[in-house]
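To convert, count from 1 in the sequence shown and add 8; that's this note's numbering.
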Amino acid sequence: MKVSVLGSGTSHGIPMVACSCPVCRSENPFDKRMRASIHIAGEEGESIVIDTGPEFRLQAVRAGIERLDAVLLTHAHADHLHGLDDVRPLCRSLPLPVYGNDDTLEEVRSRFSYVFRETQPGGGKPRLDLRTAGAVIEIGSLRITPIPVKHGELDILAWKIEESGRPSFVYMTDTSAIPESSKSLAGKTGAFIIGALRKRPHETHFTFAEAMEAALELAARRVWLTHICHEHSHDEITAFCGDFIRERNLGGVSIAPAYDGLEIRV
Ligand SMILES: [Zn+2]
Ligand SMILES: [Zn+2]
Ligand SMILES: [Zn+2]
Numbered sequence: 009m010k011v012s013v014l015g016s017g018t019s020h021g022i023p024m025v026a027c028s029c030p031v032c033r034s035e036n037p038f039d040k041r042m043r044a045s046i047h048i049a050g051e052e053g054e055s056i057v058i059d060t061g062p063e064f065r066l067q068a069v070r071a072g073i074e075r076l077d078a079v080l081l082t083h084a085h086a087d088h089l090h091g092l093d094d095v096r097p098l099c100r101s102l103p104l105p106v107y108g109n110d111d112t113l114e115e116v117r118s119r120f121s122y123v124f125r126e127t128q129p130g131g132g133k134p135r136l137d138l139r140t141a142g143a144v145i146e147i148g149s150l151r152i153t154p155i156p157v158k159h160g161e162l163d164i165l166a167w168k169i170e171e172s173g174r175p176s177f178v179y180m181t182d183t184s185a186i187p188e189s190s191k192s193l194a195g196k197t198g199a200f201i202i203g204a205l206r207k208r209p210h211e212t213h214f215t216f217a218e219a220m221e222a223a224l225e226l227a228a229r230r231v232w233l234t235h236i237c238h239e240h241s242h243d244e245i246t247a248f249c250g251d252f253i254r255e256r257n258l259g260g261v262s263i264a265p266a267y268d269g270l271e272i273r274v
């Protein structure tokens with residue numbers, strides 16, 4: 009499968025509105041971060057996005073997404089959900105399955121209430137088929153497992169995607185703790201994208217160091233950090249990851265900040 013990072017920024021995006029810090033003013037394209045989201049293209053043409061943030065339209069156009077088999081939602085925070093209406097051109101012929109936990113789907117029904125009630129003809133609405141994510145979901149040859157994790161006190165989902173004969177891929181953003189049962193669900197992770205906000209602690213997000221520790225605990229070999237805030241430049245985070253690998257003597261493990269447009273072959 010091919011994983012494309014559509015956005016790698018925290019809830020504000022970078023540059024942030026009304027901020028003139030060095031990272032928000034940076035001219036380095038790696039320091040421009042839209043809200044966090046990824047696209048997964050399977051070997052048989054399967055096409056899935058995880059989260060539809062406010063820039064979904066721009067991200068889908070930039071990535072050339074022409075069809076979608078499903079949307080997987082991590083949770084209902086605005087930075088992960090409010091571009092959902094823009095899937096309209098991708099669900100003209102068939103309703104689009106949207107998977108999330110029950111809390112997330114309830115929020116979708118409330119924030120997008122117009123989608124689920126009668127409105128005048130001609131008003132374009134996305135055709136959404138909300139489905140509670142419980143057991144494994146199969147889409148084409150992709151096996152998709154929802155993994156419950158904690159985002160502060162919130163129960164949200166990480167997602168594991170497997171394709172036969174390939175290492176697994178896990179996307180786990182906005183996480184601050186991984187329950188023991190979920191660690192075994194995640195299993196031995198091949199490629200791993202994990203949310204890591206900044207160096208300073210935060211109540212509801214892993215720091216860089218916490219995210220890297222979590223990745224090592226899941227035996228991930230290839231790790232990228234996402235959902236990054238404006239306190240650190242891409243170059244600074246790259247150096248921080250390099251120091252972590254050297255200090256721990258982690259031969260064979262790669263850890264780096266994700267960036268918008270990053271493509272990962274799994
Ligand atoms: Zn977020
Ligand atoms: Zn800033
Ligand atoms: Zn969140």
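Even glycine gets a Cβ: it sits at the ideal position worked out from N, Cα and C.
N- and C-terminal bounds of the beta strand (DSSP E) containing residue i
i      : result
Thr140 : Leu136 to Thr140
His240 : It is not in any beta strand (DSSP E) - His240 carries neither H nor E in the DSSP assignment.
Met180 : Phe177 to Met180
Leu98  : Note, Leu98: premise wrong, no beta strand (DSSP E); not H, not E.
Lys168 : Leu162 to Glu171
Ile22  : Per DSSP, Ile22 belongs to no beta strand (DSSP E) and is neither H nor E.
Within 7 Å, strictly: CB atoms of residue i and residue j
i      : j      : result
Phe252 : Met220 : yes
Gly15  : Ala44  : yes
Arg96  : Gly148 : no
Cys237 : Thr18  : yes
Thr234 : Ile201 : yes
Phe124 : Arg135 : no
Ala199 : Ile272 : yes
Ala78  : Pro105 : yes
Ile46  : Tyr179 : yes
Met140 : Asp110 : In the sequence under discussion, the amino acid at residue 140 is Thr, which differs from the Met named in the question. Their beta carbons are under 7 Å apart, which means Thr140 touches Asp110 by this criterion.
Reference residue i; option with closest CA among the options
i      : options                           : result
Ser176 : Glu51, Gly195, Ala185 and Asp93   : Gly195
Thr246 : Ala264, Arg256 and Gly259         : Ala264
Arg100 : Arg75, Leu81, Arg117 and Asn109   : Arg75
Pro30  : Asn257, Gly259, His240 and Arg256 : His240
Glu225 : Pro209, Leu205 and Leu193         : Leu193
Gly142 : Glu218, Glu244 and Tyr107         : Tyr107
Leu113 : Lys207, Arg151, Ile164 and Ile152 : Ile164
Ile58  : Arg208, Glu244, Glu35 and Ile169  : Ile169
Thr270 : Ser34, Val261, His242 and Gly259  : What sits at residue 270 in the sequence shown is Leu, not Thr. Looking at the Cα atoms, His242 is the closest of the given residues.
Boundaries of the alpha helix (DSSP H) in which residue i is found, first to last residue
i      : result
Val69  : Phe64 to Ala71
Asp111 : Asp110 to Arg119
Leu81  : Counting along the chain, Leu81 falls outside any alpha helix (DSSP H), and DSSP gives it neither H nor E.
Leu193 : Glu188 to Ala194
Glu225 : Phe216 to Glu225
Rounded Cβ spacing between residue i and residue j (contact assumed at less than 8 Å)
i      : j      : result
Met9   : Glu63  : Actually they do not touch by this definition, with Cβ atoms about 23 Å apart.
Asp182 : Arg41  : Between Arg41 and Asp182 the Cβ distance is about 15 Å, and since that is not below 8 Å, they are no contact.
Phe216 : Ala227 : Phe216 to Ala227, Cβ: 19 Å. No contact.
Ala68  : Ser12  : Not confirmed; about 11 Å, so no contact.
Lys158 : Ser189 : Not a contact, Cβ separation roughly 12 Å.
Beta carbon proximity, residue i to chain B, threshold 7 Å
i      : result
Pro129 : You won't find chain B in this structure, because it holds only one protein chain.
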